[in-house]
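Undergrad: Numbering (my numbering), first residue to last: 676 to 976.
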Amino acid sequence: MRSTEQPQSQSQSQSVTVIGLGPMGQAMAGAFLDRGYDVTVWNRTASRADDLVARGAVLAPNVTEALASHELVILSLTDYDAMYAALGPAEAALTGRVLVNLSSDTPERARTAARWAAERGAVQLTGGVTVPPSGIGRAESATFYSGPREVFDRHRPALEVITGRTDHRGEDPGLAALMYQIGMGMFWTSMLSYWQAIALADANGLSAADILPHAVETAHSLPGFFSFYAERVDAGRHTGDVDRLAMGTASVEHVRHTHADAGVDTTLPASVVELFRRGMDAGHAADSFSALVELMKKGEA
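#1: Does the segment 835-845 come close enough to the segment 804-814 that 3 or more CB-CB pairs lie under 8 angstroms?
#2: In angstroms, rounded to a whole number, what distance separates the CA positions of Met-861 and Leu-853?
#3: Please report how far the alpha carbon of Gln-799 lies from the alpha carbon of His-959, in whole angstroms.
#4: Cβ atoms of Trp-717 and Val-738: under 8 angstroms apart, would you say?
#5: Ser-690 lies in the alpha helix (DSSP H); which residues open and close that run?
#6: By Cβ distance, which residues of its chain are closer than 6 angstroms to Thr-784, with the 5 residues on each side in sequence left out?
#7: Quick check on the burial criterion: 16 or more other C-beta atoms within 10 angstroms. Buried or exposed for Thr-944?
#8: Apply the 10 Å Cβ neighbour rule to Ile-985 and answer buried if 16 or more other Cβ atoms are within range, or exposed otherwise.
#9: To test your reading of the DSSP string, which unbroken alpha helix (DSSP H) runs of 4 or more residues are found completely within the segment 751-826?
#10: Within this structure, are the beta carbons of Ala-757 and Thr-715 separated by less than 8 angstroms?
#11: Please name the residue in Pro-808, Arg-829 and Ser-946 whose C-alpha comes closest to that of Gln-871.
#12: Ser-778 and Tyr-855 look like a contact to me (Cβ under 8 angstroms); what is the Cβ gap, rounded to whole Å?
#13: For the beta strand (DSSP E) that contains Ser-715, what are its first and last residues?
#14: When DSSP labels each residue in this structure, what does Asp-936 get in the three-state scheme?
#15: Less than 8 angstroms between the C-beta atoms of Glu-868 and Ala-876, yes or no?
#16: Take Glu-928 and list the residues in its own chain whose beta-carbon comes closer than 7 angstroms to its own, dropping the five residues that flank it on each side.
#17: So, helix, strand or coil for Thr-838, using DSSP?
#18: Checking the sheet assignment: what are the DSSP bridge partners for Ile-749?
#19: Under a three-way DSSP split, which group does His-843 fall into?
#20: When the distance is taken between beta carbons, is Phe-827 closer than 8 angstroms to Arg-637?
#21: Taking its Cβ as the centre, do 16 or more other Cβ atoms sit within 10 Å of Arg-772, making it buried, or is it exposed?
#22: If you compare alpha carbons, which of Gly-915, Gly-974 and Glu-969 is closest to Ala-961?
#23: Quick one, are the C-beta atoms of Ala-966 and Gly-974 less than 8 angstroms apart?
#24: Suppose the cutoff is 6 angstroms on Cβ atoms and the five residues either side in sequence are ignored; what does the same chain contact list for Phe-707 look like?
#25: Nearest by alpha-carbon distance to Tyr-655: which of Phe-951, Ala-874, Val-733 and Arg-790 is it?
#26: If we ignore side chains and look at the alpha-carbon of each, how far apart do Phe-900 and Glu-906 end up?
#27: Please classify Ile-703 as buried or exposed, where buried requires at least 16 other C-beta atoms within 10 Å of its C-beta.
#28: Anyone know if the C-beta pair for Arg-723 and Leu-752 falls short of 8 angstroms?
#29: Hey, which unbroken runs of the alpha helix (DSSP H) at 4 residues or more fall wholly within the segment 894-942?
#30: What is the residue span of the alpha helix (DSSP H) that Ser-868 lies within?
#31: With 16 other CB atoms within 10 Å as the buried threshold, where does Pro-682 fall?
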């Protein structure tokens, strides 16, 4: 039995269709070509496939033929609206396809798309790639996946071409999108704090290079704080034995005033102050500033 299944698995893993040829889709198609895969590509702007075709990819004339080319279909599109727009006219060709949807969107929209695919005879694996195009094809890069485990396992060799590390989070198609959005929320907010630091430094005659070592050292300290607070937050323990929200509020007020005194935009630090003040008003002055998690869980009143 195993000897008859293995060649089929190898055949499936050596051919792939990539739909969507932005920088990420081009990087993925290129990675498959580098590994000797038969690659069919399709994009609304066909000229984006020129370099890939020169390397051996086949440009499908339309999305129907792109879907018909191979069982495994990689979707690298802006969002799920773009997926519906691209695949909608070719619904009849979806039967039997495995759609690895690496498009960014919300967990709930990923679940809806999985149902949409299933109604048309396809299976969706939701993916959340954690690296930019430059990280595609690298062994150390990682992607979250969720959806049917059997489908994930069957196509894992091909998925490992995209990123060497693949993390299947469960059958729920929304979980990979959730993990991706968690990472994006942290990334964008962290980078904004870096731009804020550079703006403040500039107002005081310092360059980004001048503050870089301090910024990196500060960023490297965060994993220790993440680990320390994770257990306490999960236990609902926000006692003020290590830090207190009242002291933290004074600190973030000083940060806001420092920016204001320098004539730097205070939108971001003012938002931080507002959240700390809400915690104070909720009676958490003597608690750890981790108590703000409880306010954030409930959303704004």
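Backbone N, C-alpha and C define an ideal beta-carbon position, used for all residues, glycine too.
Note that the coordinates shown come from a computational prediction; the quantities given were computed from them, not determined experimentally.
TA: So, to answer that:
#1: yes
#2: Straight-line measurement puts the Cα of Leu-853 at about 13 angstroms from the Cα of Met-861.
#3: 44 angstroms
#4: yes
#5: Run containing Ser-690: none in the alpha helix (DSSP H); it sits in the beta strand (DSSP E), 690-694.
#6: According to the sequence displayed, residue 784 carries Arg and not Thr. So the list reads Tyr-755, once near-sequence residues are dropped.
#7: Residue identity check: residue 944 is Pro in the sequence provided, not Thr. With 16 or more Cβ atoms within 10 Å of its Cβ, Pro-944 is classed as buried.
#8: Nothing about residue 985 can be reported from this structure: the residues present for the chain run from 676 to 976 only.
#9: Counting only runs of 4 or more, we get 755-762 and 782-794.
#10: no
#11: Ser-946
#12: 10 angstroms between Cβ atoms; not a contact.
#13: Checking the sequence shown, residue 715 turns out to be Thr, not Ser. That run of the beta strand (DSSP E) goes 713-717.
#14: helix
#15: Here residue 868 turns out to be Ser, not Glu, going by the sequence shown. Not in contact: Ser-868 and Ala-876 (Cβ atoms no closer than 8 angstroms).
#16: Apart from sequence neighbours up to five positions away, the residues of its chain that approach Glu-928 with a beta-carbon distance below 7 angstroms are Val-948, ordered along the chain.
#17: coil
#18: Val-693 and Val-775
#19: strand
#20: Residue 637 lies beyond the residue range present for the chain, which begins at 676 and ends at 976; the question has no answer from this structure.
#21: Taking all protein chains shown into account, Arg-772 has 16 or more neighbouring C-beta atoms within 10 Å of its C-beta and is therefore buried.
#22: Answer by Cα proximity: Gly-915.
#23: Going by C-beta atoms, Ala-966 is not nearer than 8 angstroms to Gly-974.
#24: Val-691, Val-714 and Val-836
#25: Summary: the structure shown does not reach residue 655, with the chain confined to residues 676 through 976, and so no result is reported for it.
#26: 11 angstroms
#27: Reading the sequence as shown, one finds Met at residue 703 and not Ile. Under this definition Met-703 is a buried residue.
#28: no
#29: The segment 894-942 contains these whole alpha helix (DSSP H) runs: 920-936.
#30: That run of the alpha helix (DSSP H) goes 849-878.
#31: Residue placement at Pro-682 cannot be trusted, given a pLDDT of 36 that sits under 50; the coordinates are not used to answer.
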